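Trainee:
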Amino acid sequence: MSENLPFLVIAAPLFGALVASLVGWARPRYCYAIAMVSLAAGLTAAIALLVKVSGTVSGYEYRLGGWPPPIGIQHWVDPLSALILVVITAVAFLAVMSARANLQLELPGKERFVYPLMLLMVTGLSGMTLTGDAFNLYVLLEITSLSSYALVAIGRGRAAASCLNYIIMGTIGASFYLLGVGYLYLKTGSLNMIDLRQIMIAGDMHGSQTVITGFILITVGFWIKMGLYPLHGWLPNAYSFAPHAASNLMAPLMTKVSVYVSLRMMLSVFTPDFLAVHALWAQTALLVATIAIIAGSLIAYSQTDVKKLLCYLVVAEVGYMAGGMWLMNRAGITGTIYHIAADAFMTCCLFLGASGLIASTGSRHIRSFRGATRRMPWTFAAFLVGGLSMIGVPPTCGFFSKWFLIQGAIEGGAWHFVAALIFSSLINALIFFRIIELAYFKDVEHEDDVSHPPQVQRNEAPWGIRIPLFITSVVIVLLGVFSPRVINWIERFVDSVGVT
Amino acid sequence: MSDVLTFIISRFNYWIYIVLMMIGLYAMIAKRNYVKKFIGMSIFQTAIILFYVSTGVKSGATIPILEHGHDIGHAAAAINPDHYANPLPHVLMLTAIVVGVATLGVALAVVQKVHDQYETIEEPEILFKLGQE
Amino acid sequence: MKVFAFVLVIVTGIMLVVTAADFPAWGDAHSPPNQYLSTHYITQAEHETAVPNMVTAVLADYRGFDTMFETAVVFCAGLAIAAILGHEKKKRYVVRRKALPKTEEGDIIIRMATRFLVPVTQLFAMYVIAHGHHSPGGGFQGGVILAATFILMTLAFDLKTILGRFSEKMTLIWANVGLFIYAGIGVLCVLLGSRFLEYSALHKILPGTDEIMARSHSMLGVEIGVALTVMSMLFAIYAHLVSKGRLEDGL
Numbered sequence: 043m044s045e046n047l048p049f050l051v052i053a054a055p056l057f058g059a060l061v062a063s064l065v066g067w068a069r070p071r072y073c074y075a076i077a078m079v080s081l082a083a084g085l086t087a088a089i090a091l092l093v094k095v096s097g098t099v100s101g102y103e104y105r106l107g108g109w110p111p112p113i114g115i116q117h118w119v120d121p122l123s124a125l126i127l128v129v130i131t132a133v134a135f136l137a138v139m140s141a142r143a144n145l146q147l148e149l150p151g152k153e154r155f156v157y158p159l160m161l162l163m164v165t166g167l168s169g170m171t172l173t174g175d176a177f178n179l180y181v182l183l184e185i186t187s188l189s190s191y192a193l194v195a196i197g198r199g200r201a202a203a204s205c206l207n208y209i210i211m212g213t214i215g216a217s218f219y220l221l222g223v224g225y226l227y228l229k230t231g232s233l234n235m236i237d238l239r240q241i242m243i244a245g246d247m248h249g250s251q252t253v254i255t256g257f258i259l260i261t262v263g264f265w266i267k268m269g270l271y272p273l274h275g276w277l278p279n280a281y282s283f284a285p286h287a288a289s290n291l292m293a294p295l296m297t298k299v300s301v302y303v304s305l306r307m308m309l310s311v312f313t314p315d316f317l318a319v320h321a322l323w324a325q326t327a328l329l330v331a332t333i334a335i336i337a338g339s340l341i342a343y344s345q346t347d348v349k350k351l352l353c354y355l356v357v358a359e360v361g362y363m364a365g366g367m368w369l370m371n372r373a374g375i376t377g378t379i380y381h382i383a384a385d386a387f388m389t390c391c392l393f394l395g396a397s398g399l400i401a402s403t404g405s406r407h408i409r410s411f412r413g414a415t416r417r418m419p420w421t422f423a424a425f426l427v428g429g430l431s432m433i434g435v436p437p438t439c440g441f442f443s444k445w446f447l448i449q450g451a452i453e454g455g456a457w458h459f460v461a462a463l464i465f466s467s468l469i470n471a472l473i474f475f476r477i478i479e480l481a482y483f484k485d486v487e488h489e490d491d492v493s494h495p496p497q498v499q500r501n502e503a504p505w506g507i508r509i510p511l512f513i514t515s516v517v518i519v520l521l522g523v524f525s526p527r528v529i530n531w532i533e534r535f536v537d538s539v540g541v542t
Numbered sequence: 276m277s278d279v280l281t282f283i284i285s286r287f288n289y290w291i292y293i294v295l296m297m298i299g300l301y302a303m304i305a306k307r308n309y310v311k312k313f314i315g316m317s318i319f320q321t322a323i324i325l326f327y328v329s330t331g332v333k334s335g336a337t338i339p340i341l342e343h344g345h346d347i348g349h350a351a352a353a354i355n356p357d358h359y360a361n362p363l364p365h366v367l368m369l370t371a372i373v374v375g376v377a378t379l380g381v382a383l384a385v386v387q388k389v390h391d392q393y394e395t396i397e398e399p400e401i402l403f404k405l406g407q408e
Numbered sequence: 093m094k095v096f097a098f099v100l101v102i103v104t105g106i107m108l109v110v111t112a113a114d115f116p117a118w119g120d121a122h123s124p125p126n127q128y129l130s131t132h133y134i135t136q137a138e139h140e141t142a143v144p145n146m147v148t149a150v151l152a153d154y155r156g157f158d159t160m161f162e163t164a165v166v167f168c169a170g171l172a173i174a175a176i177l178g179h180e181k182k183k184r185y186v187v188r189r190k191a192l193p194k195t196e197e198g199d200i201i202i203r204m205a206t207r208f209l210v211p212v213t214q215l216f217a218m219y220v221i222a223h224g225h226h227s228p229g230g231g232f233q234g235g236v237i238l239a240a241t242f243i244l245m246t247l248a249f250d251l252k253t254i255l256g257r258f259s260e261k262m263t264l265i266w267a268n269v270g271l272f273i274y275a276g277i278g279v280l281c282v283l284l285g286s287r288f289l290e291y292s293a294l295h296k297i298l299p300g301t302d303e304i305m306a307r308s309h310s311m312l313g314v315e316i317g318v319a320l321t322v323m324s325m326l327f328a329i330y331a332h333l334v335s336k337g338r339l340e341d342g343l
């Protein structure tokens, strides 16, 4: 049975979605339990997979249908995909755990749709992480995208209008990827990632115009999907107007998985040698990433809507990762991979905290943080852990990822990238200290009337949001404390693909 | 000169797909009506399907279904691969067609919802109404 | 915006045109995609799966995992559209009727023609599904034809009447059943000690088959699952889109 673990990770949420959609017709309240059980099963399988991979040299394959790789579809599990898989399933578990409290407030009566769609999305995301077949990845990407379009559009108010642009941009991104894969297929005749790499090396195709254009199409496609700055147009509106239950799941995972796939394409399909030949690309990509970080941070600073602010922080964080992977040295790639894991939890923590805040105050304006330390000390403390990690305060995980990224940038001589990283940390510090100031020093009302401190009502976020929020903030600290082990694990992968 | 012509004619499938794809891309970005944008999206995806399918063509080959397939014990060695079109692009594009239909369906549903809310499907008018809120 | 779009289109177009010069010519039987995997599928598919239609063999067996998610995409789209357009509390308007109404408005010729066409078309759809191993066809195609018969009926009669016979709940159930059949066959293979979707393991429970015939028969099962999901979800998508989710009066 342990051989079948990769399929279990995918099948658990898939069957969960089917059962939830059926049961939800008659008994919508059971959907939550079904979703939690299937995600817990997926998480368990992912952890088991991680343990199993630690015993192998470089990873192992799982042949779907029993066909050998280039003929059939293959799952490829190596230290990187196992790590990302655990992160995805864990964040999904925490985000869906908070969905019940959010849905009761926002979309009562839609549970029977929301949970199956969320589970289908997790299915797609886990599948994208595991698959070793370039075309299979497209199908899984589309199932993820379709469910996320629906989760955005289901919301009230401006959600549907912002979803239209999301659909258009998302389709352009996915279609570019599909076309890029088509170019590679035209040149090599294969669709399997490992096979593609071997054929391209054996046939010495790295100079071929088709391969180069294919690479550009795939990269740009995923830049759109991850929301890198000039192509980010869909992201802030879609994520901030989506129902909280949906954005808690999408914001941490969608962009990170796109970054992961992009990295996987660069390292495992197009080797580092191929990228080294075209040095101009790395410079362009680093420049774009630098602009993305600076622009994302600045726009975030100017926002007053909490969720919009967080969305632009996500845009800046995408710049970190998109730049980090193009540094193409050991520290840079390690930092990027570590940041994928760290940022998934950080973003999850911040979005959970924001949804808790909105649930208890009813307002999305940043002013609703006023007096938060007294009204909701626990919720705010957990939110702040995410914020401190965004700034990069040790011992949270955000510090270590930034450390490695800066180290990699210095080694690679990308000083503008170093400057952007430091600048972004400063802006993040400004943003979160402004929130702390509001929360700690300003009361809800009578802010000038110091002599008569008002009786403050305790108004914590609902337990359904607080519990996953606490767990996430603990994970952020733990991930920081145990960072040497995680880094070792990542370096095992980085060394195996030959990045120096 | 004739070399250039032969070159152009022998790759006509690629020129057609590029033109179609660019029409779709232009419509998706430049058109203001969302239904027109989604028509562009359909053209865009169809162009990619055309590209894939055209790579599987072999001149003079028939559809990828084995002749005399009912006779059990048909020797595999007797099959000449050049007689049958490449089945793989067909399979891949069956998937892409289904995905395209599904995306279009979801997109039209969202357009209907937006039309319910704002009573228009023109992008500038929606933005104008959003600005008034 | 138009200028920007034009420039973008021109730049992308030039990039693609330049690349196309590197491509193999039209109909070249010796281009890489027509050689490597293609040769294996063409020469070995019948040998390995006992299915002469290579497209079916690749679709349902070699790349069966893709097809499972393709079915899931259809399911997801149906669910998504119902979620976006669906209204929370619906009135119970559906009245079950024994026969199609005789005194509805509309053209009698169209209604009578539909009565004749639908059974024949559905029979043909089943042929397309069942004979997908030997002729062009399969689950998707058959499922779409089945969905088309329902859509034809809603056009000839009205949406309410047809939903009385094939309600939203039924579409959901049948779509689920379809995907359960597909994924269930895959899980059955695991339970029989093999890998996911490795149909050859099923020869242990299918009487009178060997490992290769088991693949052929399981493909039929998988195609039936696909057809059920596609049929019910495409009809559900149509019903939601034409009535803006109210599921009352369509076009």
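Chains as they are written, first to last, in the working numbering: chain G, 43 to 542; chain X, 276 to 408; chain C, 93 to 343.
The beta-carbon is built from N, C-alpha and C at its ideal position, and this holds for glycine as well.
Predicted, not measured: the structure shown is a model, and the values here were computed from it.
1) In chain order, which continuous runs of the alpha helix (DSSP H) of length 4 or greater are located wholly inside the segment 363–408 of chain G?
2) According to DSSP, simplified to helix, strand and coil, what is glutamate 290(C)?
3) What is the DSSP secondary structure of glutamate 397(X), reduced to helix, strand or coil?
4) Please state whether DSSP places tyrosine 185(C) in a helix, a strand or coil.
5) Using a 10 Å radius around the Cβ and a threshold of 16 neighbouring Cβ atoms, would you call asparagine 144(G) buried or exposed?
6) Ends of the beta strand (DSSP E) at glutamate 45(G)?
7) Report yes or no: is there a C-beta of chain G within less than 8 Å of the C-beta of proline 125(C)?
8) If you check the beta carbons only, do asparagine 268(C) and glycine 331(X) fall under 8 Å apart?
9) Please report the residue range of the alpha helix (DSSP H) in which glutamine 345(G) lies.
10) Hey, is serine 250(G) close to the ligand FMN, as in C-beta under 7 Å from one of its heavy atoms?
11) Report, in whole angstroms, the separation of the C-beta atoms of cysteine 73(G) and alanine 59(G), which I expect to be a contact under 8 Å.
12) In the DSSP assignment, find the unbroken alpha helix (DSSP H) run with tyrosine 104(G) in it and report its ends.
13) Using the Cα positions of leucine 238(G) and threonine 230(G), report the straight-line distance between them to the nearest angstrom.
14) Output yes or no for whether 8 Å exceeds the beta carbon distance between glutamine 387(X) and lysine 336(C).
15) Give the interface partners of methionine 107(C) over in chain G, defined as CB-CB distance under 7 Å, in chain order.
16) Hey, how far is the Cα of alanine 351(X) from the Cα of threonine 135(C)?
17) If you drop the 5 nearest sequence neighbours on each side, which residues of the same chain put their C-beta closer than 8 Å to that of glycine 174(G)?
18) Please classify arginine 306(G) as buried or exposed, where buried requires at least 16 other C-beta atoms within 10 Å of its C-beta.
19) Tell me whether the beta-carbon of isoleucine 477(G) lies closer than 8 Å to the beta-carbon of glycine 540(G).
20) Tell whether a beta-carbon distance below 8 Å holds between leucine 404(C) and phenylalanine 157(C).
21) Looking at C-alpha atoms only, which residue of Glu184(G), Gln146(G) and Phe524(G) is the closest neighbour of serine 300(G)?
22) When we look at the beta-carbon of threonine 98(G) and count the other beta-carbons within 10 Å, is it buried (16 or more) or exposed?
23) From the beta carbon of glutamine 387(X), is the nearest beta carbon of chain C less than 8 Å away?
24) Please work out which residues of its chain come closer than 6 Å, Cβ to Cβ, to tyrosine 185(C), disregarding the five sequence neighbours upstream and downstream, and give them in chain order.
25) Measuring only between beta-carbons, confirm whether isoleucine 265(C) sits less than 8 Å from chain G.
26) Sort Met268(G), Val330(G) and Cys353(G) by Cα distance to isoleucine 549(G) and report the nearest one.
27) Starting from histidine 117(G) and walking both ways along the alpha helix (DSSP H), at which residues does that stretch end?
28) Taking the alpha carbon of proline 339(X) as the point to measure from, which residue in Ile323(X), Pro356(X), Ala305(X) and Glu398(X) has its own alpha carbon closest?
29) Give the list of continuous alpha helix (DSSP H) stretches no shorter than 4 residues that lie fully inside the segment 240–325 of chain G.
30) Give the secondary structure of aspartate 345(C) by DSSP, where H, G and I count as helix, E and B as strand, and everything else as coil.
31) Quick check on the DSSP output: what are the complete alpha helix (DSSP H) runs of length 4 or more inside the segment 399–483 of chain G, in order along the chain?
32) Closer than 8 Å, CB to CB, is alanine 351(X) near chain G or not?
33) Quick one: is isoleucine 113(G) near chain X, going by C-beta distance under 8 Å?
34) Determine the chain X residues that contact isoleucine 266(G) at a beta-carbon separation under 8 Å, and present them in chain order.
35) Would you identify the three-state DSSP class for threonine 301(C), choosing helix, strand or coil?
36) Strictly under 8 Å for the Cβ-Cβ distance: is serine 310(C) near chain X by that measure?
Mentor: In this structure, then:
1) 372–403
2) As a position in the third sequence, residue 290(C) is number 198, starting the count at 1. Coil at glutamate 290(C), not helix or strand.
3) Looking up residue 397(X) in the second sequence gives position 122. Note: glutamate 397(X) maps to strand in three-state DSSP.
4) Along the third sequence, read from residue 1 onward, the residue named residue 185(C) stands at position 93. Confidence is the limiting factor: at tyrosine 185(C) the pLDDT is only 49, short of 50, which leaves the residue's position unreliable, though a coordinate-based value still follows. Three-state DSSP puts tyrosine 185(C) in coil, outside helix and strand.
5) As a position in the first sequence, residue 144(G) is number 102, starting the count at 1. Looking at its Cβ environment, which holds 16 or more other Cβ atoms inside 10 Å, asparagine 144(G) is buried.
6) By one-based count along the first sequence, residue 45(G) stands at place 3. Glutamate 45(G) -> no beta strand (DSSP E), and no H or E assigned at all.
7) By 1-based counting over the third sequence, the position of residue 125(C) is 33. It does: the Cβ of proline 125(C) has a partner Cβ on chain G nearer than 8 Å.
8) Position 176 of the third sequence, counted from the first residue, corresponds to residue 268(C). Position 56 of the second sequence, counted from the first residue, corresponds to residue 331(X). Not in contact: asparagine 268(C) and glycine 331(X) (Cβ atoms no closer than 8 Å).
9) Position 303 of the first sequence, counting from 1, holds the residue named residue 345(G). Here glutamine 345(G) belongs to no alpha helix (DSSP H), and DSSP marks it neither H nor E.
10) As far as ligands go, the structure on display features none, and thus does not contain the ligand FMN.
11) Your numbering for residue 73(G) matches position 31 in the first sequence. Your numbering for residue 59(G) matches position 17 in the first sequence. Not really, about 10 Å apart at Cβ, beyond 8 Å.
12) Within the first sequence, the letter at position 62 stands for residue 104(G). Unbroken run through tyrosine 104(G) is the beta strand (DSSP E), 102–106; no alpha helix (DSSP H).
13) Stepping through the first sequence from its first residue, residue 238(G) is reached at position 196. Stepping through the first sequence from its first residue, residue 230(G) is reached at position 188. So the two alpha carbons sit approximately 7 Å from each other.
14) Reading the second sequence from its first residue, position 112 is the one you call residue 387(X). Reading the third sequence from its first residue, position 244 is the one you call residue 336(C). Taking 8 Å as the Cβ cut-off, glutamine 387(X) and lysine 336(C) qualify as a contacting pair.
15) Indexing the third sequence from 1 puts residue 107(C) at position 15. What methionine 107(C) touches in chain G: Thr255.
16) Mapped onto the second sequence, residue 351(X) falls at position 76. Mapped onto the third sequence, residue 135(C) falls at position 43. Any reading at alanine 351(X) must be qualified, since the residue scores a pLDDT of 49, below 50, and its modelled position is unreliable; no value is offered.
17) As a working mapping, residue 174(G) is identified with position 132 in the first sequence. Result list for glycine 174(G): Glu103, Pro111, Ile115, Gln116, His117, Trp118, Asn234, Met235 and Ile236, in chain order.
18) Locating residue 306(G) in the first sequence gives position 264, counting from the first residue. So arginine 306(G) counts as buried.
19) For the purposes of this step, residue 477(G) is taken as residue 435 along the first sequence, with counting starting at 1. For the purposes of this step, residue 540(G) is taken as residue 498 along the first sequence, with counting starting at 1. Against a cut-off of 8 Å, the Cβ pair of glycine 540(G) and isoleucine 477(G) comes out as no contact.
20) Here chain C comprises residues numbered 93 to 343, so residue 404(C) is not present and cannot be evaluated.
21) As a first step, residue 300(G) is located in the first sequence; it is residue number 258 there, counting from the start. That would be Glu184(G), whose Cα lies nearest to the Cα of serine 300(G).
22) Reading the first sequence from its first residue, position 56 is the one you call residue 98(G). When all chains shown are included, threonine 98(G) counts as exposed.
23) As a first step, residue 387(X) must be located in the second sequence, where it is residue number 112. So, interface residue.
24) The residue you call residue 185(C) lines up with position 93 of the third sequence. With a pLDDT of only 49 at tyrosine 185(C), under the threshold of 50, the placement of this residue in the model should not be trusted, and no figure is reported.
25) One-based indexing of the third sequence puts residue 265(C) at position 173. At least one chain G Cβ lies under 8 Å of isoleucine 265(C).
26) With chain G covering 43 to 542 only, the question about residue 549(G) has no answer from this structure.
27) Start at 1 with the first residue of the first sequence, and residue 117(G) comes out as number 75. Element bounds for histidine 117(G): not the alpha helix (DSSP H) but the beta strand (DSSP E), 115–119.
28) Position 64 of the second sequence, counted from the start, is the residue given in the question as residue 339(X). Out of Ile323(X), Pro356(X), Ala305(X) and Glu398(X), Pro356(X) has the C-alpha closest to the C-alpha of proline 339(X).
29) 251–268, 277–283, 286–306 and 314–319
30) Past the boundaries of the shown model lies residue 345(C); chain C is included only from 93 to 343, so the question cannot be answered.
31) 414–417, 419–433, 439–453 and 457–483
32) In the second sequence, the residue the question calls residue 351(X) occupies position 76. Because the pLDDT at alanine 351(X) is just 49, under 50, the model does not fix this residue reliably, and the point stays unresolved.
33) Your numbering for residue 113(G) matches position 71 in the first sequence. For isoleucine 113(G), the answer is no, since every Cβ of chain X falls outside 8 Å of its Cβ.
34) As a first step, residue 266(G) must be located in the first sequence, where it is residue number 224. By Cβ distance, chain X contributes nothing, its closest Cβ being about 12 Å from isoleucine 266(G), past 8 Å.
35) Position 209 of the third sequence, counted from the first residue, corresponds to residue 301(C). Three-state result, threonine 301(C): coil.
36) As a working note, residue 310(C) is residue 218 in the third sequence. No - not a single Cβ of chain X is within 8 Å of the one on serine 310(C).
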